[in-house]
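Enquirer: Same order as they appear, the protein sequences are chains A and H.
Following my numbering, the residues of the first sequence are numbered contiguously, the last one being 520.
Following my numbering, the residues of the second sequence are numbered contiguously, the last one being 520.
Cβ atoms here follow ideal geometry from the backbone N, Cα and C, with glycine treated the same way.
Okay, handing you the structure first.
Protein chains: 2
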Amino acid sequence: MQSLVKLYQIKANPPSLADNTGDLDRLKKSLAAVLESKTLVVPFSRIAPVAKAFRHSGFKGFAVVAHYPSGPQLIDFYAEAPEFLVGMALDLGTTHLEASLINLLNGKVLARAAEVNGQLEFGADILARIHFAQTKVGERVGLDLLHERVIESIHKLASELAGQIKLKTSEIVALSVSGNTTMVHFFLKQNPYHLCREPYIPVVNGPDPFLAFELGLGLHPGAIVWVMPSIGSYFGGDLISGILASELDQQDTTCMLIDVGTNAEVVVGNRDWLIACAGAAGPALEGGVARMGMRAGIGAIEHCSIDPESGKFSYQTIGEGPVKGICGSGVIDLVAGLYLARIIDIRGKFSPGQKQAKGRIIEQEDGLAYVVVPAAEAHGGKAVLLSQIDIDALMRSKAAMYSILTTITNQVGVAFKDLHHIYVAGAFGKHISPRQAIVLGMLPDLPLEIYKPLGNSSLAGAEMILNEASVRERCRMVVAKITYVELNVNQEFMIRFSGSRFIPHTDHALFPSVPFHDES
Amino acid sequence: MQSLVKLYQIKANPPSLADNTGDLDRLKKSLAAVLESKTLVVPFSRIAPVAKAFRHSGFKGFAVVAHYPSGPQLIDFYAEAPEFLVGMALDLGTTHLEASLINLLNGKVLARAAEVNGQLEFGADILARIHFAQTKVGERVGLDLLHERVIESIHKLASELAGQIKLKTSEIVALSVSGNTTMVHFFLKQNPYHLCREPYIPVVNGPDPFLAFELGLGLHPGAIVWVMPSIGSYFGGDLISGILASELDQQDTTCMLIDVGTNAEVVVGNRDWLIACAGAAGPALEGGVARMGMRAGIGAIEHCSIDPESGKFSYQTIGEGPVKGICGSGVIDLVAGLYLARIIDIRGKFSPGQKQAKGRIIEQEDGLAYVVVPAAEAHGGKAVLLSQIDIDALMRSKAAMYSILTTITNQVGVAFKDLHHIYVAGAFGKHISPRQAIVLGMLPDLPLEIYKPLGNSSLAGAEMILNEASVRERCRMVVAKITYVELNVNQEFMIRFSGSRFIPHTDHALFPSVPFHDES
């Protein structure tokens, strides 16, 4: 194990008239012998505190060294061996931040927590925030506020985590950050203007690691900040984390990685090659589609089913208590159930005459809607509905998803059946029933054991970076060898998209396991 | 020539949908091919400005790269080839700062200037300032003020220099600093407490280069600041500069380097070995001894002579106008002349009865004094005097000087006559008459052509660092191979000191060319 920050025990001869070497130089000399590195840098801001700590420790103790790609940097000195040497791994999400503290001495997780991204106030999604970043706010621009807000959120999260193990945030000596390209731009206070404008170019993909004090993070001022590199504006470090966590880059067999949020990002590859793309999947799959849609949380319908014969609806929610809404996985189950019960047709349109829909379809101002949970049973006496508009949005999302998957596999000449595993990242991967997604024609019709949920692989990748030099090296290799395909302007993608706007697909042969409701 | 900062011409393909590499990464990729370096770091604070400048330049132009010992760092990007790429070399003296601007494109000096060290207000000499550094001043400590004041002085000097060639200080992309260990501590805001306390240990000898913005220097914020390393508290980077400028470390024959200020620092060596020591020489040799003493400047008596027979006194001053005082070289000439004219004896005591002293010796409250320039001829109508007390101080200084030279040569078993050259640094070297110093027994009795004035070698070394990688490498080697002998506690030195408190010496055989006035 070669953690990002390590301790090195040092015992130097104390200064004397016969050896008048300066305090810091004395420490560096002792360290050089242990480190086997030609260059050991002490950042300017660390000279005074490190030299002072070394002297106060009686010229012996434990040097705290951060391993930068350019070489080791000395950031602190402890008189005694600490119980923990703490690094923070951060998944910098658009809506939520999730983080853990890792004991870098043994790689163990010490604490985990999540926090709302304080930037939400300035825009719910990425595009709204990019727009806000350019806006003048009094004397300042939005970017400044977005930056400050996310730094605040990170500090809040760090305080909570540190509190869990009775530590000060200033004792956190490393931070690894994994997030989408836009969030990372805000974190680094970089102009996001070109991220959402053709040809979609970031200011920076792979910033060199730097010292925490430069961002005022409130961690140890000499803490190393390691930001997971991005591949493009729509393919961020969170996906690189996913590759590292799934070990897609290490396998002999070809696998696929899918991460679904507002965008769907997909990687296909093996130890020899990696190809990636990203496409707008719409907010449907994040639970943002339905007006009753919500993130997977307490009170959300996570799974549901409709008896194809009787139309009887049953569901399960996350946690106890009345239903508040329906999350992405619930929507997929629901729409698949509506299709199998023939309540919607292959175009995803309500067939109100069907007996299975009895008493569940209502007319609203903007069209028909399916009553998922009646007002009487629902939280706040407000019925949970799924409207035709909601279904139309999901149809676009699922079509986009399947088109992305077919386009990218086609690019490299790999058939779906040749995929050894399909890793599904994030909350989507955790909650989704692959079977229902197959019914909808969103995911390829493959044996269910092919699909592997990854959990929060963005956070997992960030944790791995803290613990292992080999993973940091893999990260560098992944970035060097990955090929990125831009789908926003891809002709093939557009054609495939049209064919995918039916349940499960216009080409039914692609989905042999799904009943086909021929309407002709 | 491998200057500390260099330009590299770059022409990158502009971004496209087929190549969505981030702006900064695009620049780094293009540079990597030209630089032949595995690691190229962009400091965090430079990401935004460099990426922006690259884009605004149409992805082609000139990358500004600082060559750190740990590897190259990208600090700026210019659309057009600049006429100058400017580095500032600084001699950070206790009383004066002297600096030059160098065009790093060809190594030529563009401007030179000097400025009083603003710290003078807080203490005339090093010890006074070290004491002041610990003093509370309102809410702050003296160190903060000393640091701020020297930064101000440097900025003032930079402004003057930049003004000379119609540049902004923010266009200065490198700063090399050569100064004594205490001044460097103040510059870096490091605690000088242990510098003057046994065993005389600096906080840091060789700080790693860092970015100018960290000190608020008002230069280019990404300018590299390169500080000449010290060997000990009393052997600073200014002496390392002297070694580099004299090429003591490059020669087959053994030479000596002498730098005299309040302390006398001496190096003996050749390409194979270097030995150094420093000892308190007293302020006499800096012109601080006599109450009429002054630095070598306008109105100072630089040279003088006394006719040994008639006692007739003649002198020459620096510049036009009336005499203001007498500088170090003048004092040496004067005391040597007093001795040769028998106005003082071998102990340096006035013999007022001597005819050569006629009318020139007066009685003052604190003893006898020699009238150098009568009130009527002197600036402000104030006579320039040299008192017995002044001479006693000089006697101690010259004894210290000679003792240092004999002690260090004895340490390595080198006789004075084996020295190929003796380089004499600084104003002392520039103004002093080696012959008169020999008469006093301050310098060894060697042919005068052995003595070579070096000029401001502290500044010269700083200039060389800016221009040549080979000099930066030599600097590293010099520090690694130099042996430092602490004289403050050296028994041999103390014994030699006693023997040196006569003119020229108790052992007259050491000074065959000097008339010996036996008083027995």
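Does any residue of chain H have a CB that is nearer than 7 angstroms to the CB of Tyr339(A)?
Expert: Your numbering for residue 339(A) matches position 339 in the first sequence. It does not: the Cβ of Tyr339(A) has no partner Cβ on chain H nearer than 7 angstroms.
Enquirer: Is DSSP giving Thr182(A) helix, strand or coil here?
Expert: Translated into positions along the first sequence, residue 182(A) becomes position 182. Residue state, collapsed to three classes: helix.
Enquirer: For Ile326(H) versus Ile298(H), is the C-beta spacing smaller than 7 angstroms?
Expert: Start at 1 with the first residue of the second sequence, and residue 326(H) comes out as number 326. Start at 1 with the first residue of the second sequence, and residue 298(H) comes out as number 298. Cβ atoms of Ile326(H) and Ile298(H): not closer than 7 angstroms.
Enquirer: Would you identify the three-state DSSP class for Arg295(A), choosing helix, strand or coil?
Expert: If you number the first sequence from 1, residue 295(A) lands on position 295. Coil at Arg295(A), not helix or strand.
Enquirer: Buried or exposed: which applies to Ser403(H), given that a residue is buried once 16 or more other Cβ atoms fall within 10 Å of its Cβ?
Expert: For the purposes of this step, residue 403(H) is taken as residue 403 along the second sequence, with counting starting at 1. Classification for Ser403(H): buried.
Enquirer: Compute the Euclidean distance between the alpha carbons of Gly107(H) and Gly461(A), then round it to the nearest angstrom.
Expert: Here residue 107(H) refers to the residue found at position 107 of the second sequence. Here residue 461(A) refers to the residue found at position 461 of the first sequence. So the alpha carbons of these two residues sit roughly 48 angstroms apart.
Enquirer: Report back the beta-carbon spacing between Gln356(H) and Arg342(H) to the nearest angstrom; my notes put them in contact at under 8 angstroms.
Expert: Counting from one through the second sequence, the residue named residue 356(H) turns up at place 356. Counting from one through the second sequence, the residue named residue 342(H) turns up at place 342. About 6 angstroms separates the two Cβ atoms, so the contact holds.
Enquirer: Alpha carbon to alpha carbon, how far is Tyr339(A) from Gln364(A)? Give it in angstroms, no decimals.
Expert: Along the first sequence, read from residue 1 onward, the residue named residue 364(A) stands at position 364. Along the first sequence, read from residue 1 onward, the residue named residue 339(A) stands at position 339. Computed Cα separation, rounded: 21 angstroms.
Enquirer: What separation, rounded to the nearest whole angstrom, lies between the Cα atoms of Phe502(A) and Ala399(A)?
Expert: In the first sequence, the residue the question calls residue 502(A) occupies position 502. In the first sequence, the residue the question calls residue 399(A) occupies position 399. So the alpha carbons of these two residues sit roughly 8 angstroms apart.
Enquirer: Using C-beta distances below 6 angstroms, list every residue in its chain close to His185(H), excluding the 5 sequence neighbours before and after it, in chain order.
Expert: Residue 185(H) sits at position 185 when you count from the first residue of the second sequence. Around His185(H): Pro192.
Enquirer: Cβ atoms of His505(H) and Phe516(H): under 7 angstroms apart, would you say?
Expert: For the purposes of this step, residue 516(H) is identified with residue 516 of the second sequence, where counting begins at 1. For the purposes of this step, residue 505(H) is identified with residue 505 of the second sequence, where counting begins at 1. For Phe516(H) and His505(H), no; Cβs fall outside 7 angstroms.
Enquirer: Just checking: is the beta-carbon of Pro202(H) within a distance shorter than 7 angstroms of some beta-carbon in chain A?
Expert: Residue mapping note: residue 202(H) aligns to position 202 of the second sequence, counting from 1. Yes, Pro202(H) lies at the interface with chain A (some Cβ there is under 7 angstroms from its Cβ).
Enquirer: Can you give, in chain order, each stretch of the beta strand (DSSP E) that sits fully within the region 337-415 of chain H and has at least 3 residues?
Expert: 361-364, 367-373 and 384-387
Enquirer: Within a Cβ cutoff of 7 angstroms, which residues of the same chain sit near Ile130(H), ignoring the five residues on either side of it in sequence?
Expert: The sequence position of residue 130(H) within the second sequence is 130, counting from 1. Around Ile130(H): Thr182, Pro192, Leu195 and Cys196.
Enquirer: For chain H, find out if any of its Cβ atoms is closer than 7 angstroms to the Cβ of Ser403(A); answer yes or no.
Expert: By one-based count along the first sequence, residue 403(A) stands at place 403. Taking Cβ atoms only, chain H never reaches closer than 7 angstroms to Ser403(A), which makes this a no.
Enquirer: At the 7 angstroms Cβ level, is Gly58(A) part of the contact set with chain H, yes or no?
Expert: Start at 1 with the first residue of the first sequence, and residue 58(A) comes out as number 58. Taking Cβ atoms only, chain H never reaches closer than 7 angstroms to Gly58(A), which makes this a no.
Enquirer: Have a look at Ile438(A) and Pro202(A) and give me their C-alpha separation to the nearest angstrom.
Expert: As a working mapping, residue 438(A) is identified with position 438 in the first sequence. As a working mapping, residue 202(A) is identified with position 202 in the first sequence. Between Ile438(A) and Pro202(A), the C-alpha separation is close to 35 angstroms.
Enquirer: List, in chain order, every chain A residue whose beta-carbon is nearer than 9 angstroms to that of Gly576(H).
Expert: Past the edges of chain H, shown from 1 to 520, lies residue 576(H), and the structure says nothing about it.
Enquirer: Got a sec: which bits of the region 209-227 of chain A sit with their beta carbon under 7 angstroms from any beta carbon on chain H, in order along the chain?
Expert: Phe210 and Glu214
Enquirer: In terms of alpha-carbon separation, which member of Ile10(A), Ser30(A), Leu27(A) and Val41(A) lies closest to Phe62(A)?
Expert: Taking the first sequence and counting its residues from 1, one reaches residue 62(A) at position 62. Measuring from the Cα of Phe62(A), the nearest candidate turns out to be Ile10(A).
Enquirer: Quick one: is Ala114(H) near chain A, going by C-beta distance under 7 angstroms?
Expert: Locating residue 114(H) in the second sequence gives position 114, where the first residue counts as 1. Cβ-Cβ to chain A under 7 angstroms: no for Ala114(H).
Enquirer: For Asn263(H), which beta-bridge partners are listed by DSSP?
Expert: In the second sequence, counting from the first residue as 1, residue 263(H) sits at position 263. Ala280(H), per the DSSP bridge assignment.
Enquirer: In its own chain, which residues sit with a C-beta less than 7 angstroms from the C-beta of Gly499(H), not counting the 5 before and 5 after it?
Expert: Counting from one through the second sequence, the residue named residue 499(H) turns up at place 499. So the list reads His505, Thr506 and Asp507, once near-sequence residues are dropped.
Enquirer: Take Ala378(H) as the anchor and find which of Leu405(H), Val514(H), Glu121(H) and Pro322(H) has the nearest alpha-carbon.
Expert: What you label residue 378(H) is simply residue 378 of the second sequence in a count that begins at 1. Ala378(H) has its Cα closest to that of Pro322(H), out of Leu405(H), Val514(H), Glu121(H) and Pro322(H).
Enquirer: So which residues on chain A does Gly279(H) lean against when the C-beta distance must stay under 9 angstroms?
Expert: Here the question's residue 279(H) lines up with position 279 in the second sequence. Close partners of Gly279(H) in chain A (Cβ separation under 9 angstroms) are lacking, with about 13 angstroms as the shortest Cβ gap.
Enquirer: Just the C-alpha distance for Leu440(A) and Ile332(A), rounded to the nearest angstrom, thanks.
Expert: Here residue 440(A) refers to the residue found at position 440 of the first sequence. Here residue 332(A) refers to the residue found at position 332 of the first sequence. For Leu440(A) and Ile332(A), the distance between alpha carbons rounds to 8 angstroms.
Enquirer: For Thr21(H), which residues in chain A fall below 7 angstroms Cβ to Cβ?
Expert: Locating residue 21(H) in the second sequence gives position 21, where the first residue counts as 1. Chain A residues near Thr21(H): Asn205.
Enquirer: Quick check: is the beta carbon of Val289(H) nearer than 7 angstroms to any beta carbon in chain A?
Expert: Mapped onto the second sequence, residue 289(H) falls at position 289. Residue placement at Val289(H) is flagged as unreliable, the pLDDT there being 48, under the threshold of 50; the coordinate-derived value follows with that caveat. Residue contact with chain A for Val289(H): absent (no Cβ-Cβ distance below 7 angstroms to any residue of chain A).
Enquirer: My output table needs one value for His56(A): the three-state DSSP class, helix, strand or coil.
Expert: Along the first sequence, one-based indexing puts residue 56(A) at 56. DSSP places His56(A) in helix when its eight states are reduced to three.
Enquirer: Round the Cβ separation of His303(A) and Gly269(A) to the nearest angstrom and send it over; I've been treating them as touching at under 8 angstroms.
Expert: For this step, residue 303(A) is matched to residue 303 along the first sequence. For this step, residue 269(A) is matched to residue 269 along the first sequence. Contact between His303(A) and Gly269(A) does not hold, since their C-beta atoms are separated by about 31 angstroms, which reaches or exceeds 8 angstroms.
Enquirer: Name the residues in the region 173-195 of chain H whose C-beta lies less than 9 angstroms from a C-beta of chain A; which are they?
Expert: Thr181, Leu188, Lys189, Gln190, Asn191 and His194
Enquirer: Closest to Gly311(A) by CA distance: which of His431(A), Tyr370(A) and Val266(A) is it?
Expert: For the purposes of this step, residue 311(A) is taken as residue 311 along the first sequence, with counting starting at 1. Selected option, being the one with the closest Cα: Tyr370(A).
Enquirer: Give me whichever residues DSSP pairs with Lys6(H) in a beta bridge.
Expert: Reading the second sequence from its first residue, position 6 is the one you call residue 6(H). Paired residues: Val65(H).
Enquirer: Note down, one range per segment and in chain order, each beta strand (DSSP E) of at least 3 residues found wholly within the region 65-128 of chain A.
Expert: Taking only runs of at least 3 residues, the beta strand (DSSP E) segments lying wholly in the region 65-128 of chain A are 71-78, 86-92, 96-103 and 108-116.
Enquirer: In three-state DSSP terms, what is Glu320(H)?
Expert: Here the question's residue 320(H) lines up with position 320 in the second sequence. Residue state, collapsed to three classes: coil.
Enquirer: Can you list the residues of chain A that Tyr484(H) reaches, using a CB-CB cut of under 7 angstroms?
Expert: For the purposes of this step, residue 484(H) is taken as residue 484 along the second sequence, with counting starting at 1. Within 7 angstroms Cβ-Cβ: Asn20.
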